[in-house]
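A.B. asks:
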Amino acid sequence: MSSYRPQTPPLSIAIQAHCLHIAQPSSTCRFTGRSGLVWRGGARPTPLSEEYRLQINYDLGFLPKTKVLEPELRRRGEEKIPHMYNQETLCLFNPDKREWNDQMRISNTILPLACLWLYFYEVWLATGEWHGGGDHPDPLNTRSRILFN
Amino acid sequence: MLHELDPMGGGPDVLRDEYIDQIFREAAGSLDLTPTQHAEVVKSYTSVGEWLDAPDSPLRAYRPLVYVQGSGAIGTLTKPLGRDDFDIDGTCVITVPDSVTPAELKWMIGARLRDHEVYRAILEEKSRCWRLNYARAFHLDIIPAKPKLPHTDLTAIYITDKELRLWKESDPKAYIAWFNLRKAVARVAFTGRGAQANVKPAPQQEAPAEKGPLPIVIQLMKRHRDVTFQGRDDAPISIIITTLAAHAYQQERSIIGTMRSVLERMPAFIDYSLGYANVANPTIKAENFADKWQKHPDREDAFYEWNEKAKGDLDRLSGAKGTAQVRAALIPFLGEKRVDIVLNRMAEKTNTKRSSGLKIDTKTGLVGVSSGIVVPRANFYGNE
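Spelled out as structure tokens, the structure:
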């Protein structure tokens, strides 16, 4: 993990929580220990969508993990939902390209990306096509294995 | 380009309507000719006109004029269900002497078309017209006509009846002018300009973003009709839907608002004062577009059946929630394949917009809003 540490210090959990609250005043945020948070909020990617309940878990030194609490995400028959880790958390950025670091606000990065992910998920569920683009991990790359397993 | 939603601009119902408008606009665009196909259509009928009017053409003395009429001229052209070729209706007016019979007029035009190497190979004779079957994209029907009053500016023409025995009055240009007036009543009233009898013959094709709601609603209603009446022969004909819708239109701004109001009001414009259903041609009052209904009362019933179904389907779409319901509610309007094409295209456009700053309202999670957080550059990832 040492190679991943940025030059300047990370945004504190308090700042992240504050920004998330500003981004969505109706959301809730719970602190876990001294260096973590669990945020819960809602998202409706289109006016015709259902309201999704989202949870973001974040611990300093790790990448934020985003889950959809409800409604339960659905597969298309046997086909697995694209761009997820183990069909549990949403893969919103490519850790190999360092698209996220802990000086970024979750409210401005993870949250909008999760909404966009839901938007493309809905279209995929309807038509079977994923239009959001994205990368697929290199199985030999250790970073994603370490970060997500 | 997709229109941006304004989460502060109205309540949830307003946003829902705006989003359905986006879907409808995209759908109407996908049921229309592509710009390339449109250019081909213009080129085709222009070339036909030039061929009929060429220096060595026997028709040249009769001043042939070819123009597009009907749906191709008023922006309501709708891709047929399960086929790829559009029906484009064109008129060929030649100022022949009074002694020329309807059958002779048709023969004269056909003979000249047959003289052309390319047209000969794609020419097909229909009962009242000549059809040019261009590869895949469309076919052009050329309806033989002569001016009602030769050597005047009047647009009224005579066309032949199905049996090629009688002359039948028609005025496609006046219909186009009437329709254009109806679809933009406000603007015309504002500038104080009345209907122009001599409209430009070129078929217009406005970008779907600029097209007013009325032509879009007519396209969608025709498509809904096609989906509803698959395998049946009693479907309401396009000219009835178009004429009643144009009467019923009250300058609503939104597509869904127009469709709600037009579906509700259009039956009221069928005139029963003479004891039978009359959908008068607004430019030739004696012509009843619903004249077949007297011999086939099932077609009259079918019109009302379609109207009721469309209203119910629109209500279902307005109340749909979640992907599965929305997709199911769109199928009666577009057909299953077209729904997926439209939803996929909208998603592609949304994804393309990421490079120029796609915004998200983090309070609601709405994607593609006019003000919000710009989605950061990132690639979705994952082991699945």
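Residue numbers (the working numbering), protein chains in the order written: chain A, 420 to 568; chain B, 44 to 427.
By construction, the Cβ of each residue, glycine as well, lies at the ideal position given by its N, Cα and C atoms.
Predicted, not measured: the structure shown is a model, and the values here were computed from it.
For the alpha helix (DSSP H) containing residue 287 of chain B, name the first residue and the last one.
C.D. replies: 281-291
A.B. asks: Can you name, in chain order, every residue of its own chain whose Cβ lies under 8 Å from the Cβ of residue 47 of chain B, other than the five neighbours on each side?
C.D. replies: 402, 411, 412, 413
A.B. asks: What would DSSP say about residue 149 of chain B, mapped onto helix, strand or coil?
C.D. replies: Residue state, collapsed to three classes: helix.
A.B. asks: Does DSSP put residue 77 of chain B in a helix, a strand or coil?
C.D. replies: coil
A.B. asks: Is residue 235 of chain B buried or exposed, if buried means 16 or more other CB atoms sit within 10 Å of its CB?
C.D. replies: Note on residue 235 of chain B: pLDDT 34, under 50, position unreliable in the model; no value is reported.
A.B. asks: Below 9 Å between beta carbons is the criterion; list the residues of the region 536-551 of chain A that meet it against any residue of chain B, in chain order.
C.D. replies: Using a CB distance below 9 Å, the part of the region 536-551 of chain A facing chain B consists of 536, 537, 538, 539, 540, 541, 542, 543, 544, 545, 546, 547, 548, 549, 550, 551, ordered along the chain.
A.B. asks: So if I threshold CB-CB distances at 9 Å, which residues from the region 454-475 of chain A count as touching chain B?
C.D. replies: Under the 9 Å Cβ criterion, the region 454-475 of chain A contributes 460, 461, 462, 463, 464, 465, 466, 467, 468, 469, 470, 471, 473.
A.B. asks: Taking Cβ-Cβ distances shorter than 7 Å, what residues in chain A pair up with residue 364 of chain B?
C.D. replies: 467, 469
A.B. asks: Cβ atoms of residue 530 of chain A and residue 519 of chain A: under 9 Å apart, would you say?
C.D. replies: No, these two residues do not count as a Cβ contact at 9 Å.
A.B. asks: At least one CB of chain B closer than 9 Å to the CB of residue 531 of chain A: is that the case?
C.D. replies: yes
A.B. asks: Could you name the residues of the same chain whose beta carbon sits closer than 7 Å to that of residue 477 of chain A, not counting the 5 residues immediately before and after it, in chain order?
C.D. replies: 435, 455, 456, 483, 525
A.B. asks: Could you give the C-beta distance for residue 423 of chain B and residue 547 of chain A, rounded to a whole number, given that I count them as a contact under 8 Å?
C.D. replies: 17 Å between Cβ atoms; not a contact.
A.B. asks: Only counting the same chain, and skipping five residues up and downstream in sequence, which positions put a Cβ closer than 6 Å to that of residue 517 of chain A?
C.D. replies: none
A.B. asks: Could you round the C-beta distance between residue 74 of chain B and residue 266 of chain B to whole angstroms and report it? I think they count as a contact, below 8 Å.
C.D. replies: 6 Å
A.B. asks: Give me whichever residues DSSP pairs with residue 211 of chain B in a beta bridge.
C.D. replies: B:202
A.B. asks: Can you tell me which of the three DSSP states residue 517 of chain A falls into?
C.D. replies: Looking at residue 517 of chain A - three-state DSSP - the assignment turns out to be coil, as it is neither helix nor strand.
A.B. asks: Tell me the DSSP secondary structure of residue 523 of chain A in three-state form.
C.D. replies: coil
A.B. asks: Which two residues bound the contiguous beta strand (DSSP E) that contains residue 472 of chain A?
C.D. replies: 471-478
A.B. asks: Could you confirm whether any beta carbon from chain B is found closer than 9 Å to the beta carbon of residue 435 of chain A?
C.D. replies: no
A.B. asks: Specify the secondary structure class of residue 177 of chain B as computed by DSSP and reduced to three states.
C.D. replies: coil
A.B. asks: Considering only their Cβ atoms, is the gap separating residue 409 of chain B from residue 534 of chain A smaller than 9 Å?
C.D. replies: yes
A.B. asks: In chain B, which residues lie less than 7 Å from residue 440 of chain A when you measure between Cβ atoms?
C.D. replies: What residue 440 of chain A touches in chain B: nothing, since even the nearest Cβ is about 11 Å away.
A.B. asks: Measuring only between beta-carbons, confirm whether residue 443 of chain A sits less than 9 Å from chain B.
C.D. replies: yes
A.B. asks: Within the same chain, show all residues whose beta-carbon is closer than 7 Å to that of residue 337 of chain B, passing over the 5 residues directly before and after it, in chain order.
C.D. replies: 319
A.B. asks: Where are the beta strand (DSSP E) runs, 3 residues long or more, that stay fully inside the region 316-360 of chain B, in chain order?
C.D. replies: 327-331
A.B. asks: Under 9 Å between the Cβ atoms of residue 392 of chain B and residue 468 of chain A?
C.D. replies: no
A.B. asks: Taking 9 Å as the threshold (beta carbon to beta carbon), is residue 240 of chain B in contact with chain A?
C.D. replies: Residue placement at residue 240 of chain B cannot be trusted, given a pLDDT of 33 that sits under 50; what the coordinates show is reported in the next sentence. Not closer than 9 Å to any Cβ of chain A, the Cβ of residue 240 of chain B fails to qualify, so no.
A.B. asks: Is the Cβ of residue 69 of chain B closer than 9 Å to any Cβ of chain A?
C.D. replies: no
A.B. asks: Residues of chain B with a CB under 8 Å from the CB of residue 511 of chain A: which are they?
C.D. replies: 421, 423, 424
A.B. asks: Could you check whether the Cβ of residue 553 of chain A sits closer than 9 Å to any Cβ belonging to chain B?
C.D. replies: yes
A.B. asks: Could you please tell me which residues of the region 342-357 of chain B, in chain order, have their CB closer than 7 Å to any CB of chain A?
C.D. replies: none
A.B. asks: Assuming the contact rule is C-beta atoms closer than 8 Å, residue 421 of chain B and residue 527 of chain A should be a hit. Round their C-beta distance to whole Å, please.
C.D. replies: That belief does not hold up - the Cβ atoms of residue 421 of chain B and residue 527 of chain A are roughly 12 Å apart, past 8 Å.
A.B. asks: Out of B:257, B:344, B:361, B:286, which has the shortest C-alpha to C-alpha gap to residue 330 of chain B?
C.D. replies: Considering only alpha carbons, the answer is B:286.
A.B. asks: Are the C-beta of residue 516 of chain A and some C-beta of chain B separated by less than 9 Å?
C.D. replies: yes
A.B. asks: Pick helix, strand or coil for residue 221 of chain B, following the three-state DSSP scheme.
C.D. replies: helix
A.B. asks: Just to check my reading of the structure: residue 128 of chain B and residue 81 of chain B have Cβ atoms closer than 8 Å, yes? What is that Cβ distance to the nearest angstrom?
C.D. replies: Not really, about 14 Å apart at Cβ, beyond 8 Å.
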